[in-house]
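Numbering (my numbering), first residue to last: 162 to 622.
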Ligand code: ARG
């Protein structure tokens, strides 16, 4: 049997394999709420413009509300023969209200319909992700405030570089997430134009009011070019690009959590709630949640790449290729939500191991830069010479197997005679971090102020 929605010129139904490759209902059913909202706005506009009768519009709206309830209570039967969410809903509407259902699709095509639905979906997701990221930022800011003065090693090349504080390290991620949120906000602002009414590709001869439907659906304005309206998937790619970068940030943090929670580092303790055991090795506490956050990045970047590849060769306007825009995007969106939630949970539960952190902060001659800076300040050496002198002192300390703060003054004086015992005042980890008072630096006072600033900003949102 030919398709009841578009089968007028067909005498045969589709091959089974055609149905298999063509049907998108298994994944685009996620758009049901947006599809119904779009259809209601369209029907009411058609009535206001006198294109359909007010009584028909009322029946359409009531029928769509029934369908919404049916889908949400699980009594709606989705059919693959009806291809996608749009035709599934329209077909059910016909069963429910009869002839007026056929008037809904006046001055509309599935091309502008799906673009509208997907935009509304991405917009809802962007709003949700912004709230979730704000939550994670405040979890990080709270932890950072509590541990603003707790020294830990700062690394470059994963080698001890200079001591920093645990709070400072966490606040670095708050900044990254702030940029991510900015990108999501930008994407939302650019997305927020309504494609509805572009119809198949050329607009319509019916006297529709696109400003009316745009406003009803919370869009800032209608899109200006009907061809672009139905061909554009920038909004999804842009959301995925911002999602990729956000996932990349979460992945870097996850990697640090994996390293920090290892027995060799023991910088933090993850809660039982976010670790798993091994079925053979009784001592294990595996950071699976962090590992999976790290791994989800692959799907998210993959979805962005996939959609760009789908789009890159398409002539205007709508091509069926574009149906492949949704499935991986949905997966990426859900993966990022999950990664944010898991990171949020890990952060709230994690406890830094203060003693290990402090000890590690002082190892690896991490205050060597402080010594060089002191030689510049106290003895007036040029920095390059101070660097050289310090290097020789570090060499001595390494030979003797002691940290800089424990190296006898005589040993330092053997390298540079003018060094006196004031030098010890800069060699401790606490002194080192306390001295980093330049704007954005790691001094506990700075970190406390920055954490407070974030807490206030996030509370005010
Ligand atoms: N399921 C389709 C999609 O997701 C809807 C648009 C179909 N339009 C068409 N002319 N076949 O892209």
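Here a beta-carbon is modelled for each residue, glycine too, at the ideal position from N, C-alpha and C.
#1: Check whether the stretch 345 to 365 and the stretch 429 to 449 are in contact - that is, three or more C-beta pairs closer than 8 Å.
#2: Only counting the same chain, and skipping five residues up and downstream in sequence, which positions put a Cβ closer than 6 Å to that of residue 185?
#3: Cutting at 8 Å between CB atoms, please list the residues of its own chain near residue 393, excluding the five before and the five after it.
#4: Using a Cβ-Cβ cutoff of less than 6 Å, which residues in the same chain neighbour residue 519 once the five nearest sequence positions on both sides are dropped?
#5: Residues in its own chain within less than 8 Å of residue 510 by CB, not counting five upstream and five downstream?
#6: Quick one: using the 10 Å Cβ neighbour count with 16 as the cut-off for buried, is residue 459 buried or exposed?
#7: Would you tell me roughly how many angstroms separate the C-alpha atoms of residue 169 and residue 263, rounded to the nearest one?
#8: Note down the Cα distance separating residue 287 from residue 295, rounded to an integer number of angstroms.
#9: Under the rule that 16 or more other beta-carbon atoms within 10 Å means buried, what is residue 280, buried or exposed?
#10: Rank 306, 463, 560 and 302 by C-alpha distance to the C-alpha of residue 526 and give the top, closest one.
#11: Please classify residue 600 as buried or exposed, where buried requires at least 16 neighbouring CB atoms within 10 angstroms.
#12: With residue 258 and residue 211 assumed to form a contact (beta carbons below 8 Å), what rounded beta-carbon distance in angstroms separates them?
#13: Is the beta carbon of residue 344 sitting closer than 8 Å to the one on residue 406?
#14: Just the C-alpha distance for residue 592 and residue 289, rounded to the nearest angstrom, thanks.
#15: Express the C-alpha separation of residue 544 and residue 579 in angstroms, rounding to a whole number.
#16: Skipping 5 residues on each side, what residues in its chain have a beta carbon closer than 6 Å to that of residue 572?
#17: Which residues bound the alpha helix (DSSP H) around residue 414?
#18: With DSSP collapsed to three states, give me the class of residue 259.
#19: With residue 299 and residue 616 assumed to form a contact (beta carbons below 8 Å), what rounded beta-carbon distance in angstroms separates them?
#20: In or out: residue 477 buried (at least 16 other Cβ within 10 Å) or exposed?
#21: Among 449, 240, 620 and 194, which residue has its Cα nearest to the Cα of residue 415?
Answer, in terms of the structure:
#1: no
#2: 245 and 484
#3: Within the same chain, 276, 356 and 384 come within 8 Å of residue 393 by CB-CB distance, once the 5 residues on both sides are set aside.
#4: 312
#5: 431, 432, 434 and 435
#6: Exposed: under 16 other Cβ atoms inside 10 Å.
#7: 14 Å
#8: Distance from the CA of residue 287 to the CA of residue 295, rounded to the nearest whole angstrom, comes to 12 Å.
#9: Counting other Cβ atoms within 10 Å of its Cβ, residue 280 reaches 16 or more and is therefore classed as buried.
#10: 560
#11: Exposed is the call here.
#12: About 20 Å separates the two Cβ atoms, so there is no contact after all.
#13: Contact check for residue 344 against residue 406 passes: the beta carbons are separated by less than 8 Å.
#14: 43 Å
#15: Roughly 16 Å separates the two Cα atoms.
#16: 557
#17: 395 to 421
#18: coil
#19: 7 Å
#20: The residue is exposed, with fewer than 16 neighbouring Cβ atoms inside 10 Å.
#21: 449
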